[in-house]
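Below: the structure, in structure tokens.
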Amino acid sequence: MKGVELLSGSCAGASAFRLGRQLHGHALKTNFASDIIVGSAILDTYAKCGRMTEAQKLFNLFPTRNLQSFNAIIIGYAESDQGFQAFQLFQLLLKSDVGFDEISLSGAFSACAVMEGYLEGIQVHALAAKSTFESNICVANAILDMYGKSGSLPESCRVFYEMERRDDMETLDLMIWKP
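Under this note's numbering, read the sequence shown as residues 1168 to 1346, first letter to last.
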């Protein structure tokens, strides 16, 4: 079923919802829909296509969830400007025994940025500081973005100057004020 996972990933990148839905149907017919890896790939497809209702329904059907399924739905909601839902799912992830990674943290910071949740962002930042992920360039950029969109320029500047690596174009772009 590796082919379905690969095709699903390419569908997600191309935002080809119809093809992703066909793959979902194929997975159902061949009894692979309950496979967490295949299910997570299909969920990721729905989320990247902005079809969060379908993604949430599929997520709710999983008897067990893995980090990939959590990350896909958290980022999907954040990228669909539904920060509150993304943040709630991040909290659910933290309560589970799945753990988190740099993708989870970046998604949580994006959720906070979308909902302009400064206090929530501070809490996630504290969690990142306790982990080994705070120095990850993607996490650091997400922290910058969150503080910037939450209106805390001093915190954003502090994070920027404390970053181990600032040569990334996205990092520099985040520090340029845009009206």
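In this text, a Cβ means the ideal position worked out from N, Cα and C, and glycines have one as well.
Residue ranges of uninterrupted alpha helix (DSSP H) with 4 or more members, entirely inside the region 1252 to 1311 and ordered along the chain, are 1269 to 1281 and 1285 to 1297. Note on geometry: alpha-carbon atoms of GLY1250 and GLY1206 lie some 23 Å from one another. Contact check for ILE1242 against GLY1274 passes: the beta carbons are separated by less than 8 Å.
Apart from sequence neighbours up to five positions away, the residues of its chain that approach SER1302 with a beta-carbon distance below 7 Å are GLU1331, ordered along the chain. In the three-state DSSP reduction, GLN1249 falls in the coil class, being neither helix nor strand. GLY1217: not part of any alpha helix (DSSP H); DSSP gives it neither H nor E.
For SER1319 and MET1219, the gap between their C-alpha atoms comes out near 30 Å.
For PHE1327, the enclosing alpha helix (DSSP H) starts and ends at 1320 to 1329.
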